[in-house]
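Residue numbers (this note's numbering), protein chains in the order written: chain A, 1405 to 1607; chain B, 1405 to 1607; chain C, 1405 to 1607; chain D, 1405 to 1607.
We put the CB at the ideal spot given by N, CA and C, even for glycine.
First comes the structure, then the notes that go with it.
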DNA sequence: GATGAATGAGTATTCATTCAT
DNA sequence: CATGAATGAATACTCATTCAT
């Protein structure tokens, strides 16, 4: 009888998070009212606060979820993969698939914007970011060991610049309506490949 | 003798824009109240509206100024520069100098965020963005003609990805406190150089 | 058990309307602040807007209520009353009773003033006005058929001039503090009686 | 040299009054800003206050002018006119001519509305009203003496009800767009004639 | 748990009026 | 006299959050 609660609790939280994520993607975090979220989640205004202490707590949960997903992605990569460079490039393909989802990319920008204002969001995003960079750096180290990339490159710094590219893609989506992730995905592979390639040989 | 206004008018607008830009950079556009801007600009609450019709109009003016500066930068580049590739890389250095200014980079992110909500800001930012990409593409075309870069690359698409990198740098500044533009500037040069370089030769 | 709202909702709206009507009568529509209305209705500033979307919506509701009351009054008159002329004159007595209520007459003037600015109010007032004139015209037609009034008169035009007199009474109340509706009621009867009377015979 | 000032002063005041009257008629007293009046009068915002101490002072001046005009109208009527009844009815025609002027009738309503809020306006309007009723009462007394009207009527009370009719006409103009003063003028004559007529004879 | 009515702090903007030039 | 920049008080409305039922 008691164990049902935590389950329902989680189900409701998911329901709210999904409704809110949708609202945030469409109208932005600040422009979205709690009333809108409640309506989208099919619940009463007061009830929301049984599940989240505040509107901020919702975007904090979204940011944390994002972080966990990223960490899980890299945790799932085989540490002894025979082709670590391809693992990096595959990750970029995955990123571009997400980027192609208008709703996801909008939400990502909203979360990024909240980073500047909400330290809790900032912490989660930073953690997810660190997980990604660490994961990439580890793969790059392996790639270097296997002779797939320029051994003179600093894996951590390269991971940082891959992150720059990923962030840049999401910014582009907001600023340049002509930027199509599906179409540009091969180019991202190429930019990164050339960047990592050993000098003296072509892409 | 009577109509000395235009000058004073412009001076006041500058004063307000600078005060507002500072507030926006510190606290964000939405969190900044008009009262704060007035206080920072040393004027009474009502007086602000003699110079700007609304709070939105201020950030619109900032966005437009930014656009004009960008356009002016590229308009000033010698069309027959003997080293167009270096012109591109020099521009990246300039970008990194701006990026190193905390206040500037914060403001840039606020403007970018407003892009999604305020179409006037969106238009200015898009215009500045187009000016930058067109300017870069022109330089890349010259660089290709002079054999400085891989002739197989599409100048417009390369300009687009340089824009991705620049946007990414500004995003990084918000997300990763360990990202130091001064220190990373050479890396940006290197990433772009390698990306543009003719295959078969090193950076 | 849950949705007992409609009743409470209506009760609250009434409460607000009455508080607002009182404020409008005392201080005028524009001079009345929403805070005053809330205070008079015994509720918090924000709560008012659960019941009315705006301050304008309140006076619109008042105007509509007025219109419905007028329409209801005439709908309730027996279409086969044996003395239609007396029905007209009785209506004038009722009008004068309302006019004698300082609060009511002030409010009526405020509503009339809003007619010029707020089209929603204008529509309701026009509808109430039309209902009154149609009702009066119908009675005058019956009165003519029964030989109670001059058969040469145009019922619609007579109704219009009775409306002129009624409007005039309310204007008088504002302009001439010496105008006492209770005392003047018989005179209104007399003016209208003489106006409608068959020529060749006295009032 | 000094005597020119009072003249210019008066000219400027007229100019302002006319510009303001036009604005008030079009947009209403409260909705009209002093800036609009200044623009319409072709002067700077500050300058207005050299001629009128406040916005209220302008409508007060308009109300006073109205009062003086009314008083002058009745002062000009020959005290020994052979046909005082016709003088009354002619006055009604004049009223209807004014009523037909949309701008004038709107302004009259604005002034009337201010009566409730501004005691200075109230005093002027009351004075004008008294002048009109006194003038009418005097004429009615003469008409009674000459056997033109029912001798049993109280001249003051009749004047009061004529005022009711006039006020009513102006109200009608605001409420009923189908009320055409030019077309209704004969009816006003008829209503008043019947009202004043000796019993036992037709209109 | 659920409801939705109630709260009340927070804010951009307007505009009559003043006053230095 | 004229200008128009400056003032600052005043106000409708929003919305996250609480709480009685």
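Exposed unless 16 or more other CB atoms sit within 10 angstroms - verdict on residue i
| i | result |
| --- | --- |
| residue 1552 (chain C) | buried |
| residue 1433 (chain A) | buried |
| residue 1464 (chain A) | buried |
| residue 1588 (chain D) | buried |
| residue 1467 (chain C) | buried |
| residue 1581 (chain A) | exposed |
| residue 1586 (chain C) | exposed |
| residue 1498 (chain C) | exposed |
| residue 1448 (chain C) | exposed |
| residue 1405 (chain A) | Note that residue 1405 (chain A) scores 43 on pLDDT, short of 50, meaning its location in the model is unreliable; the coordinates nonetheless yield the value given after this. Looking at its Cβ environment, which holds fewer than 16 other Cβ atoms inside 10 Å, residue 1405 (chain A) is exposed. |
| residue 1576 (chain D) | buried |
| residue 1458 (chain B) | exposed |
| residue 1411 (chain A) | exposed |
| residue 1598 (chain A) | buried |
| residue 1574 (chain D) | buried |
| residue 1425 (chain A) | buried |
| residue 1413 (chain D) | exposed |
| residue 1505 (chain A) | exposed |
| residue 1484 (chain B) | exposed |
| residue 1476 (chain A) | exposed |
| residue 1415 (chain D) | exposed |
Beta-carbon contacts of residue i that lie in its chain and below 7 Å, excluding the five residues immediately before and after
| i | result |
| --- | --- |
| residue 1419 (chain A) | 1445 |
| residue 1540 (chain D) | 1492, 1563 and 1566 |
| residue 1423 (chain C) | 1441, 1444 and 1445 |
| residue 1518 (chain B) | 1433, 1463 and 1525 |
| residue 1427 (chain D) | 1436, 1440, 1441 and 1444 |
Test: residue i CB closer than 7 Å to a CB of chain C
| i | result |
| --- | --- |
| residue 1589 (chain D) | no |
| residue 1434 (chain D) | yes |
| residue 1578 (chain D) | yes |
| residue 1423 (chain D) | no |
| residue 1565 (chain D) | yes |
| residue 1572 (chain D) | yes |
| residue 1533 (chain D) | yes |
| residue 1501 (chain D) | no |
Close beta carbons around residue i, own chain, < 8 Å, minus the five adjacent residues each side
| i | result |
| --- | --- |
| residue 1560 (chain D) | 1537 and 1541 |
| residue 1557 (chain D) | 1544, 1548 and 1600 |
| residue 1522 (chain B) | 1460, 1463 and 1464 |
| residue 1481 (chain B) | 1491, 1539 and 1543 |
Cutoff 7 Å: residue i Cβ touching any chain A Cβ
| i | result |
| --- | --- |
| residue 1539 (chain B) | no |
| residue 1494 (chain B) | no |
| residue 1517 (chain B) | yes |
| residue 1511 (chain B) | no |
| residue 1520 (chain B) | yes |
| residue 1606 (chain B) | Low confidence applies here, because residue 1606 (chain B) scores a pLDDT of 45, under 50, leaving its location unreliable and the question unanswered by this model. |
| residue 1575 (chain B) | yes |
Run of the alpha helix (DSSP H) containing residue i, from where it starts to where it stops
| i | result |
| --- | --- |
| residue 1459 (chain B) | 1459 to 1479 |
| residue 1506 (chain C) | 1506 to 1519 |
| residue 1602 (chain A) | Segment: none, residue 1602 (chain A) is in no alpha helix (DSSP H) and carries neither H nor E. |
| residue 1538 (chain C) | 1523 to 1549 |
| residue 1454 (chain A) | 1452 to 1455 |
| residue 1561 (chain A) | 1559 to 1579 |
| residue 1495 (chain C) | 1488 to 1503 |
| residue 1435 (chain D) | Per DSSP, residue 1435 (chain D) belongs to no alpha helix (DSSP H) and is neither H nor E. |
Proximal residues to residue i (C-beta, below 6 Å), its chain only, five neighbours per side dropped
| i | result |
| --- | --- |
| residue 1508 (chain A) | 1502 |
| residue 1531 (chain D) | 1471 |
| residue 1510 (chain A) | 1429 |
| residue 1474 (chain C) | 1532, 1535 and 1536 |
| residue 1488 (chain C) | 1543, 1546 and 1547 |
| residue 1528 (chain A) | 1467, 1468 and 1471 |
Test: residue i CB closer than 7 Å to a CB of chain D
| i | result |
| --- | --- |
| residue 1450 (chain C) | no |
Chain B within 7 Å of residue i, Cβ atoms only
| i | result |
| --- | --- |
| residue 1599 (chain A) | yes |
| residue 1569 (chain A) | yes |
| residue 1595 (chain A) | yes |
| residue 1558 (chain A) | no |
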